[in-house]
Amino acid sequence: MTLIASEHELVKNHQKIPLRLVLVVPFVLQIFAAVGLTGWLSLRNGKTAVNNVTSQLRTEVLARINQQLNTYLETPHLVNAISVDAIRRFGLWNPDNMGSMRSYFFWQLKQFSTVNYISFGGEKKEFAGAGYKDDGTLVIEITDRSTNFIDTIVSVDREGNPTQFKETHPDYDPRIRGWYKAAKVAGKPQWNKIYQYFIQPSLGISASQPVYDKNGTFRGVVSTDLFLSKIGDFLQSLKIGKSGKTFIIERSGLLVASSTAEKPFINTKNSKKTQRLKAIESSVPLIEGTAKHLIERFGNFNEIDSNQQLDFILNGQREFVQVSPFQDGRGLDWLIVVVVPEADFMEQINANTRSTVLLCILALVLATLLGILASRWITHPIFRLSKASRAIASGQLDQEVEVNGIDELGILAQSFNQMAQQLRESFAALENTNSELENRVEERTSELKEAKVAADTANHAKSQFLANMSHELRTPLNGILGYAQIMERDKSTTPQQKDAIQIIHHCGSHLLTLINDILDISKIEASKMELYSSTFNFPSFLIEVVEICRIRAEQKEITFNYQVLNQLPNAVNADEKRLRQVLINLLSNAIKFTEKGSVIFKVGVIGNGEDSDQSPLTKIRFYIEDTGVGMAPEQLEKIFLPFEQVGNSQQKAEGTGLGLAIAQKIVQMMGGEIKVESRLGKGSTFYLDLELIESSEYIAQRSSNNSTNLRGFKGNKNKILLVDDRWENRGFIKNILETLGFKIMEACNGQDGLDKATDFQPDLIITDLVMPVMDGLEMSRRFRKSSEFKDVILIASSASVFNFDRQNSQEAGCNEFLSKPIQVEELLEVLKIYLQIEWIYEQPADLANEQQEGFTNLLNVQSGELVIPPSTELVALFNAARIGDIEAVEQEANRLKQIHGNYLPFANKLLQFAQNFEEKEILAFVKTHLVK
24 MTLIASEHEL
34 VKNHQKIPLR
44 LVLVVPFVLQ
54 IFAAVGLTGW
64 LSLRNGKTAV
74 NNVTSQLRTE
84 VLARINQQLN
94 TYLETPHLVN
104 AISVDAIRRF
114 GLWNPDNMGS
124 MRSYFFWQLK
134 QFSTVNYISF
144 GGEKKEFAGA
154 GYKDDGTLVI
164 EITDRSTNFI
174 DTIVSVDREG
184 NPTQFKETHP
194 DYDPRIRGWY
204 KAAKVAGKPQ
214 WNKIYQYFIQ
224 PSLGISASQP
234 VYDKNGTFRG
244 VVSTDLFLSK
254 IGDFLQSLKI
264 GKSGKTFIIE
274 RSGLLVASST
284 AEKPFINTKN
294 SKKTQRLKAI
304 ESSVPLIEGT
314 AKHLIERFGN
324 FNEIDSNQQL
334 DFILNGQREF
344 VQVSPFQDGR
354 GLDWLIVVVV
364 PEADFMEQIN
374 ANTRSTVLLC
384 ILALVLATLL
394 GILASRWITH
404 PIFRLSKASR
414 AIASGQLDQE
424 VEVNGIDELG
434 ILAQSFNQMA
444 QQLRESFAAL
454 ENTNSELENR
464 VEERTSELKE
474 AKVAADTANH
484 AKSQFLANMS
494 HELRTPLNGI
504 LGYAQIMERD
514 KSTTPQQKDA
524 IQIIHHCGSH
534 LLTLINDILD
544 ISKIEASKME
554 LYSSTFNFPS
564 FLIEVVEICR
574 IRAEQKEITF
584 NYQVLNQLPN
594 AVNADEKRLR
604 QVLINLLSNA
614 IKFTEKGSVI
624 FKVGVIGNGE
634 DSDQSPLTKI
644 RFYIEDTGVG
654 MAPEQLEKIF
664 LPFEQVGNSQ
674 QKAEGTGLGL
684 AIAQKIVQMM
694 GGEIKVESRL
704 GKGSTFYLDL
714 ELIESSEYIA
724 QRSSNNSTNL
734 RGFKGNKNKI
744 LLVDDRWENR
754 GFIKNILETL
764 GFKIMEACNG
774 QDGLDKATDF
784 QPDLIITDLV
794 MPVMDGLEMS
804 RRFRKSSEFK
814 DVILIASSAS
824 VFNFDRQNSQ
834 EAGCNEFLSK
844 PIQVEELLEV
854 LKIYLQIEWI
864 YEQPADLANE
874 QQEGFTNLLN
884 VQSGELVIPP
894 STELVALFNA
904 ARIGDIEAVE
914 QEANRLKQIH
924 GNYLPFANKL
934 LQFAQNFEEK
944 EILAFVKTHL
954 VK
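Numbering follows the numbering used here, with no gaps: position 416 of the sequence shown is 439.
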């Protein structure tokens, strides 16, 4: 009793606080603090948001303007470079007749839509030009002997046909124009000062480049003009807040263009003359005030040498300004200014702030009332529970606690009464659960066994279905692609017919690729894909892949760059077909998803070693970089899954989504892994490392002769028996081989083939595998058992691509296996090997081979005296030689001289070829040393 009394007194000594007060007061204080803080932060964050938004808006607009200017202003210099090259190459310069140059400029004008005028002025006052006037009129201009050296301008239509005489300018002399004199003095490409256009009252700017002949003699100046009005049109198209403005000025303060309708010049009474407008004299208050503020802050515009973000007060309103220099290294030095009024954003933010404060106050009042009501609702059941608990503590164990209204308190009350009963029931339930679990495990195990049997049956059915479908699809494709190859060899076809034939061949090949992808993924899923290694010339293999992909890149007008990082092995042992499939798939994807920019393919050796058989291993890394659409991180996790694609709907429609999945599996079978790094909107980089067995034997490059140049063969074996139940398959091969001088006999099934072979006595038999009456496998086995035909050459040809068909044909005695659709090059190579014949090519090809052989002998004689640079130094030279760019070849040769004195004979040989414009010899010379 003493202890109990002491505890009771201790409790009484502490100040008692009602539960209702404990619940309501903290809740109200928290709401009050949250409301006050929310109101203050709303106002503060509103102003901060305005600063951030205007800063981001100015930066974004400035970036867009910079991008547009860089793109727009780079075009004239590109046009000038192309024009100078054309004048040199095609001899367009003729002071007495400038018609050819004028026509070329008119053609070039249609290729570059952003250019307004292209012209050439010479030392003899000759002049030629084509372009648009400010009103959109298309004109051509010429000054030569045909016009008595009087500048003549004629309006023309879109095809270049004169429509009416426009005007003449007897006093016009290009030699006294600023663009001409400046380029002549500078001796290099540069911009000229903004000037009044001679023909009309408009401002323009021109990019000029001097023209020298092959002897270095100055001949004139090429100039490409841009109207500044187009820059102004772009600025007006920008959305800069509600009333923001942007303008471009020169360091002198003269306006170049602005986002307003105000012209950057003032027309005088004589409409042919204009006066430049200064920014501080602009009729637009925002432009005028901003220009004056910049002068007040920096003293003059020349002092602004970096990107600046400023603000100032104009007419009582705060204005945000960002000014940035624009320089291109060719003489342009402008300032880009973006101005955004704060009032464009603060009006709505102030209104939102007021609404936020009012809503917060209303929430405070409502929360206080709800707190009071909630506290009363909670405390009443607790008081009843407390009273019942004290009764139980005093010994009244028959008390039963009942609380209604709040679930949690009701559950607490019931827990005291039901705890023991629940424990007993829980143990009993546990025993029953264990027993049921064991029964379920047994049932599930039985179900899994049945499911496995069903899955194996389904897989077998799927494999059988794919085999049948492959045969049914490849059989007509064999006829389509076969006859397409025949028609491609026909020299009497017109260009239109050749285009149609190429379309048929392309579509058929695309369908064949889709079929192969589906079959490959099925083989991979069934773990039936195998690799077939062979030794091949590695540099030549890479160049073949590059040439295939370069054509696709050129069709999309993007840059394709192939770089050899160091010395590559001459020959490697690997599955050439599968490696080519992987590289072409990765490069094709890079090209497909790149709309502008470039695709870079880099190959280099990163290590060496030995395998278990002591064979030398070379670790080679392949890089594929692009500037395409890129991928988000979540997309990178799925790109190697079957049927997964990225990009827009048009790009997705171009494939099945199996390519990367197949490529990854093939690379893993080769002991590597494809890895990828990508940034959305920036591009992607795929790379893979493969350890390839380096072969010590020298593998020569593949012959450049094309089967279309074949006219016959040398050899005695010329009798071939074709066994196939489809006449179109026999007809395709028959049409190919009969034109080359072979004797052909046809059979429609295996039994027919056995009967006709006795009389025909063929040197080689090409047979299908699936035929009525007797199939090709049974026919082959009977031939091998026959003493008369046991040594005859048997070539199996089937639309099935599964390994078991290839193995069955070998077991039946076939020497070789050709998959349908049959490729002519592959068929001819098989005939050459097994019949031991030599192909005879048409005279042009023979002559080219003899020339190439003579040139190769010349190189071989001199190679002992030459020090050959590494392949990495020859890639740029090879690219220049391939496109016939003599000037670039000379530049690369001079660069090699500077790298090392040992390369001097090699470089001099190149310069000797270049001086004689021997483009074919240059290409052969470089290619011979590049692949060594």
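Yeah, the Cβ is synthetic: ideal placement off N, Cα and C, and Gly gets one too.
If residue i sits next to residue j, beta carbons under 8 Å apart, how far is it from one beta carbon to the other, in whole angstroms?
| i | j | result |
| --- | --- | --- |
| R702 | G651 | Going by Cβ atoms, the distance from R702 to G651 rounds to 11 Å, so no, they are not a contact pair. |
| F663 | A684 | 6 Å |
| E553 | N826 | 6 Å |
| G706 | E801 | 56 Å between Cβ atoms; not a contact. |
| P592 | T558 | Incorrect: roughly 11 Å between the Cβ atoms, too far for contact. |
| S142 | E164 | 7 Å |
| G243 | G144 | 5 Å |
| V605 | V690 | 6 Å |
| I607 | D712 | Not really, about 19 Å apart at Cβ, beyond 8 Å. |
Does residue i pass the burial test, meaning 16 or more other C-beta atoms within 10 Å, or should it be called exposed?
| i | result |
| --- | --- |
| N752 | buried |
| F188 | exposed |
| F250 | buried |
| P562 | buried |
| V622 | buried |
| N957 | Examination of residue 957 is not possible in this model, given that the chain is present from 24 through 955 alone. |
| K661 | exposed |
| Y555 | exposed |
| T790 | buried |
| N139 | buried |
| A477 | exposed |
| I759 | buried |
Quick check on DSSP: helix, strand or coil for residue i?
| i | result |
| --- | --- |
| G144 | strand |
| W750 | helix |
| L358 | strand |
| Q687 | helix |
| F135 | coil |
| V884 | Legend: pLDDT at V884 = 33, less than 50; position of this residue unreliable, value from coordinates given subsequently. V884 falls in the helix class under three-state DSSP. |
| L703 | coil |
| R905 | helix |
| V652 | coil |
| W130 | helix |
| F368 | helix |
| G735 | strand |
| T247 | strand |
| V234 | strand |
Give me the Cα-Cα distance between residue i and residue j, rounded to the nearest whole angstrom.
| i | j | result |
| --- | --- | --- |
| Q830 | I756 | 24 Å |
| P928 | N917 | 11 Å |
| N74 | V346 | 16 Å |
| L897 | L953 | 7 Å |
| V587 | R575 | 20 Å |
| D775 | L792 | 14 Å |
| G15 | I909 | The shown model of the chain, from 24 to 955, leaves out residue 15, and the question about it has no answer. |
| R320 | N584 | 49 Å |
| S611 | T379 | 55 Å |
| W214 | I105 | 17 Å |
| F900 | G352 | The sequence as given places Leu at residue 900; Phe does not occur at that position. Their backbone Cα atoms lie some 27 Å apart in a straight line. |
| F936 | Q914 | 13 Å |
| K779 | R601 | 39 Å |
| A597 | F616 | 29 Å |
| R67 | R377 | 13 Å |
| A284 | Y218 | 20 Å |
| L733 | S246 | 51 Å |
| G764 | K808 | 30 Å |
| Which ranges would you report for the beta strand (DSSP E) in the region 552 to 619 if only whole runs of at least 3 residues count? | Within the region 552 to 619, the complete beta strand (DSSP E) runs of at least 3 residues are 557 to 560, 582 to 587, 594 to 597.
| task | Note down, one range per segment and in chain order, each alpha helix (DSSP H) of at least 4 residues found wholly within the region 738 to 782. | result | 750 to 761
| message | To test your reading of the DSSP string, which unbroken alpha helix (DSSP H) runs of 4 or more residues are found completely within the region 187 to 216? | response | Runs of alpha helix (DSSP H) with 4 or more residues, each lying fully within the region 187 to 216, are found at 201 to 209, listed in chain order.
| request: Report the residue ranges of all alpha helix (DSSP H) runs contained in full by the region 67 to 101; include only those spanning at least 4 residues, in chain order. | output: none
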